[in-house]
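These notes are about the structure you will find just below.
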Ligand code: XMP
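In UniProt numbering, the protein residues as written are 209 to 537.
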């Protein structure tokens, strides 16, 4: 019969069978549950013939690339290259306001950077006679992504995922390898625990591909990214400290392009506004805003305004979906 314990050895055997003993596999990792679990399975199956690539697009959470590298390389032993492409992404995002344009720029730039890195890996493999060519692309596709009618992340996420895969497959002539394609999200989390992936990662809220670019409502600059990263870090830290993280489906801060008047000591301040968002949902198609205990919001507000220079006002988003979306953009 089917069980989590038998799934892993069976899947590892299947991967070894299809990859042969020289074939190389590449795959993008994000620090999310799906790509981390998929990467760990690949590593268990074929070791360093699996090459994980993480693209730092400059709009990730605070120190995310560093944290993911530590987890995947040091804790899990995965063969990972982190590509810092933040300058390229931020340069292309300059002066772009339209949310769909932001998504397109980030999606296309991602493919470009990923392909360039894959080409480097391919070159290095050619120089080594014990290694074959890159033949496979790992995707952390889940069952709900396969049957498009039940999309886990929502329509925009699905469109983006397919967009990425399509581009990579067409240009690089790779075959798809999808170890999670028969699994639901809760099964992937259970698998992650069995594989020794840290608990805080296994239970992590989803994070959109376009990252903080769709949570900064004004111009996306390094300075604005930094402000939002610092505020979001405090917000999530306090949610965890209050023991509420697992009751919330997704929580994040957004940075509004307006300034408000405040006071600090004897001086008047004129600084930006943070909007906090937290929702509970089954499928992200509809969502309720999360009701926090007041003292938790109080602590979060006081910490962000005290610790993040440039923010002097905090609001809490009390909009459900519909009519709101989860993200602001
Ligand atoms: P919305 O804002 O559409 O979000 O209610 C529903 C879920 O989808 C995520 N989301 C995205 N994920 N690329 C992604 O990978 C995107 O462009 C994107 N837009 C929204 C959002 O974070 C939420 O979990």
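The C-beta atom is built at its ideal place from N, Cα and C for all residues, glycine as well.
Item                                                                                                 : Value
Cβ-based neighbour list, residue 368, same chain, cut-off 7 Å, excluding 5 preceding and 5 following : Confidence in residue 368 is poor, its pLDDT being 40 and thus under 50, which makes the residue's placement unreliable; the coordinate value appears in the next sentence. 311, 315 and 417, listed in sequence order.
Reduced DSSP secondary structure (H/G/I, E/B, other) of residue 457                                  : coil
Residue 490: CB within 7 Å of a non-hydrogen atom of the ligand XMP                                  : no
Residues near residue 425 in its chain [Cβ-Cβ closer than 8 Å; skip 5 each side]                     : 462, 463, 464, 465, 536 and 537
Residue 239 - containing alpha helix (DSSP H), residue span                                          : Residue 239 -> no alpha helix (DSSP H), and no H or E assigned at all.
Cβ contact (3+ pairs, closer than 8 Å) linking the segment 380 to 395 and the segment 339 to 353     : yes
Close beta carbons around residue 329, own chain, < 7 Å, minus the five adjacent residues each side  : 234, 259 and 342
Contact test: residue 341 Cβ vs the ligand XMP heavy atom, cutoff 7 Å                                : no
Host beta strand (DSSP E) of residue 258 (start-end)                                                 : 258 to 264
Anticipated Cβ contact below 8 Å, residue 213 with residue 249, distance rounded                     : That belief does not hold up - the Cβ atoms of residue 213 and residue 249 are roughly 14 Å apart, past 8 Å.
Nearest-angstrom Cα separation, counted from residue 454 out to residue 448                          : 8 Å
Bridge partners - residue 480, DSSP secondary structure assignment                                   : 467 and 519
C-alpha gap between residue 517 and residue 472, whole angstroms                                     : 11 Å
Three-state secondary structure assigned by DSSP to residue 253                                      : helix
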